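Residue numbers (UniProt numbering): 1 to 359.
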């Protein structure tokens with residue numbers, strides 16, 4: 001794609017977002033895409049010819065880059081904490097925008113009911129879409145998991161997710177409801193509720209949370225885990241990405257039941273899981289309900305200390321997590337956190353309810 005095509009793509013993108021650029025701004029972009037300096041742009045374009053280099057550098061260009069930065073942050077093309085648009089990275093950012101557009105499916109309607117609006121994730125034979133449910137009032141968003149040419153192991157995994165969501169979704173508004181589970185042609189589909197909000201991973205920053213804030217957070221998540229465990233399931237992937245701070249009431253919701261294990265099912269099929277930095281030591285070989293509590297305890301320590309899990313120290317003798325020195329909590333709460341994150345699962349609290357009663 002040459003520089004004019006890139007500019008036209010950018011202008012179409014801006015138009016679709018009800019944004020426009022002045023002629024002078026278009027010429028600055030046109031010159032930047034060709035690697036020109038402001039000095040070489042000025043005599044080249046009529047819009048710049050009668051403006052001083054200083055005006056272009058200090059007023060026109062900064063105004064343009066800030067405008068594009070704000071637009072791209074809103075469109076989630078940029079990381080607002082790390083990136084800004086400028087001459088040097090303009091091509092990279094437009095290419096990122098182009099690649100994102102190519103990944104976005106166009107006019108796909110699944111089963112004459114679910115209109116795809118975005119691709120959230122694609123891995124091997126599984127694709128996860130964000131879609132509108134056309135058969136419901138107001139066409140609410142939903143999550144569509146599509147499994148292609150599924151093996152018996154994969155279909156068992158999807159069935160297990162469907163069963164758990166069907167059971168839990170009717171009992172709590174902080175777990176996605178199951179809308180449908182069906183097969184169409186060579187695909188298996190699981191349709192679930194889309195919970196609006198931000199994952200905790202985007203809320204966490206370098207500022208430690210207070211003890212009272214973390215206790216409220218724990219109470220929120222422990223209530224959900226108590227429900228999950230009471231219904232004979234283990235989530236097995238408690239991470240900040242899977243904890244959603246809901247827009248509606250600011251409470252925490254639990255999503256992504258891909259790795260869920262049902263304790264009341266005798267089966268030779270075991271879901272493969274990816275071990276993350278929050279996973280309990282026994283998670284792969286012998287997961288327990290308290291494996292979820294270990295992960296939650298680790299997240300709580302991260303919130304209190306503003307330290308990622310990789311930076312947490314462990315006791316070389318017991319392998320238990322050592323609370324960071326910068327954590328300021330009372331001894332009772334410190335004991336709860338230490339017991340939640342014991343290396344030996346037998347030494348941990350065995351239920352979410354047990355922790356809720358002493359918090």
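Built from N, CA and C at the ideal position, the CB exists for glycine as well. All values reported here derive from a predicted model rather than from experimental measurement.
Alpha carbon to alpha carbon, how far is residue i from residue j?
| i | j | result |
| --- | --- | --- |
| residue 143 | residue 24 | 42 angstroms |
| residue 353 | residue 330 | 21 angstroms |
| residue 69 | residue 55 | 20 angstroms |
| residue 32 | residue 63 | 15 angstroms |
| residue 267 | residue 139 | Here residue 267 scores only 48 on pLDDT, less than 50, and its place in the model is too uncertain to base an answer on. |
| residue 355 | residue 287 | 19 angstroms |
| residue 291 | residue 257 | 15 angstroms |
| residue 28 | residue 78 | 20 angstroms |
| residue 233 | residue 110 | 30 angstroms |
| residue 199 | residue 237 | 14 angstroms |
| residue 5 | residue 100 | 16 angstroms |
| residue 342 | residue 61 | 55 angstroms |
| residue 58 | residue 10 | 23 angstroms |
| residue 37 | residue 50 | 16 angstroms |
| residue 364 | residue 97 | Missing from the structure shown is residue 364; the chain here goes from 1 to 359 and no further. |
| residue 348 | residue 261 | 20 angstroms |
| residue 332 | residue 223 | 20 angstroms |
| residue 41 | residue 48 | 7 angstroms |
| residue 197 | residue 241 | 11 angstroms |
| residue 259 | residue 193 | 18 angstroms |
| residue 319 | residue 246 | 35 angstroms |
| residue 334 | residue 326 | 12 angstroms |
| residue 270 | residue 87 | Reliability of the predicted coordinates at residue 270 is poor, the pLDDT of 49 falling under 50, and no value is obtained from them. |
| residue 93 | residue 141 | 28 angstroms |
| residue 22 | residue 3 | 18 angstroms |
What first and last residue would you give for the beta strand (DSSP E) that runs through residue i?
| i | result |
| --- | --- |
| residue 145 | 141 to 148 |
| residue 130 | 126 to 133 |
| residue 121 | 114 to 123 |
Which residues bound the alpha helix (DSSP H) around residue i?
| i | result |
| --- | --- |
| residue 311 | Residue 311 -> no alpha helix (DSSP H), and no H or E assigned at all. |
| residue 23 | 23 to 33 |
| residue 338 | 331 to 340 |
| residue 352 | 352 to 358 |
| residue 38 | 38 to 44 |
| residue 14 | 3 to 16 |
Our contact map puts residue i next to residue j with C-beta atoms below 8 angstroms; I'd like the distance itself, whole angstroms only.
| i | j | result |
| --- | --- | --- |
| residue 176 | residue 195 | 6 angstroms |
| residue 132 | residue 120 | Not confirmed; about 14 angstroms, so no contact. |
| residue 65 | residue 84 | 7 angstroms |
| residue 239 | residue 206 | Actually they are not in contact, since the Cβ atoms of residue 239 and residue 206 sit about 19 angstroms apart, beyond 8 angstroms. |
| residue 280 | residue 217 | So it is not a contact: roughly 19 angstroms between Cβ atoms. |
| residue 162 | residue 181 | 4 angstroms |
| residue 71 | residue 14 | 7 angstroms |
| residue 358 | residue 323 | Rounded, the Cβ-Cβ distance is 18 angstroms, inconsistent with contact. |
| residue 76 | residue 53 | Not a contact, Cβ separation roughly 35 angstroms. |
Quick check on residue i - is its C-beta less than 8 angstroms from some C-beta in chain B?
| i | result |
| --- | --- |
| residue 76 | Looking for chain B here will not work: only one protein chain is present. |
Pairing CB atoms from the segment 334 to 344 with CB atoms from the segment 289 to 302, are three or more of them under 8 angstroms? yes
Decide if the segment 106 to 116 is in contact with the segment 150 to 158; the criterion is three or more beta carbon pairs, one per stretch, under 8 angstroms apart. no
Does the segment 179 to 194 come close enough to the segment 227 to 247 to have 3 or more Cβ pairs within less than 8 angstroms? no
Assess, as a yes-or-no matter, whether the segment 207 to 214 is touched by the segment 171 to 181 under the definition of 3 or more beta carbon pairs within less than 8 angstroms. no
Segments of 3+ residues assigned as beta strand (DSSP E) that fall wholly inside the segment 48 to 89: none
Spell out a yes or no on whether the segment 120 to 140 and the segment 33 to 46 are touching, meaning 3 or more CB-CB pairs, one atom from each, closer than 8 angstroms. no
For the structure I just gave you, are there three or more beta carbon pairs, one from the segment 301 to 318 and one from the segment 241 to 260, closer than 8 angstroms? no
Only counting runs of 4 or more residues, tell me where the alpha helix (DSSP H) segments fall wholly within the segment 139 to 201, in order along the chain. 152 to 168
Continuous alpha helix (DSSP H) assignments of at least 4 residues falling wholly in the segment 189 to 262: 200 to 203, 211 to 230
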